[in-house]
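Here the structure comes first, spelled out in structure tokens, and everything after it is commentary.
In the numbering used here, the protein residues as written are 7 to 148.
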């Protein structure tokens with residue numbers, strides 16, 4: 007009886023520990039190394055990619071902390087994040103998406119979502135590589 011009690015008690019503590027620790031896991035999504043850097047378009051846009059952020063810095067219209075990435079191929083994908091800098095149509099603390107395609111060492115096509123979303127799940131459902139992104143800026147590495 008005593009052994010059974012301690013087995014159940016241990017199992018209960020282990021379960022609580024797993025729940026506690028799973029809530030503490032930090033997001034580890036990072037931008038692909040090949041896209042990290044500054045990219046400029048012929049429209050004077052500048053997109054700055056780090057391992058954990060993306061920002062449009064020429065006009066300063068938005069910046070995100072990366073939450074998740076859907077890599078479609080080695081040269082294309084969608085980066086999802088929470089806005090740390092926004093505007094009237096993309097308020098801070100909402101979720102945003104940035105797509106890239108045809109990535110090479112010196113060029114890439116970049117598109118940003120038209121709007122932001124309340125949750126990460128919403129932005130991931132609405133903004134895939136096959137929808138939402140119709141206009142891509144052709145950029146070269148700075």
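Each residue gets a CB set at the ideal place from its N, CA and C atoms; glycine is no exception.
- Taking 4 residues as the shortest admissible run, the segment 48 to 76 contains no complete alpha helix (DSSP H) segment at all.
- In the three-state reduction of the DSSP assignment, residue 119 falls in the coil class, being assigned neither a helical nor a strand state.
- Our two residues, residue 42 and residue 95, have alpha carbons roughly 26 angstroms apart in a direct line.
- The beta carbons of residue 116 and residue 45 sit closer together than 8 angstroms.
- A buried status is given to residue 62, since no fewer than 16 other beta-carbon atoms sit within 10 Å of its beta-carbon.
- Rounded to the nearest whole angstrom, the CA to CA distance from residue 79 to residue 97 is 30 angstroms.
- Bridge partners of residue 89 according to DSSP: 70.
- When DSSP states are grouped into helix, strand and coil, residue 98 belongs to the coil group.
- Inclusion of residue 112 and residue 146 in the CB contact set at 8 angstroms is warranted, their separation being smaller than that value.
- Cα atoms of residue 83 and residue 99: separation of roughly 22 angstroms, rounded to the nearest angstrom.
- Counting along the chain, the unbroken beta strand (DSSP E) around residue 147 starts and ends at 143 to 147.
- Going by DSSP, residue 126 is part of the alpha helix (DSSP H) stretching over 126 to 132.
- A straight line joining the alpha-carbon of residue 140 with that of residue 120 spans about 10 angstroms.
- In the structure shown, residue 79 adopts extended strand secondary structure according to DSSP, grouped into three states.
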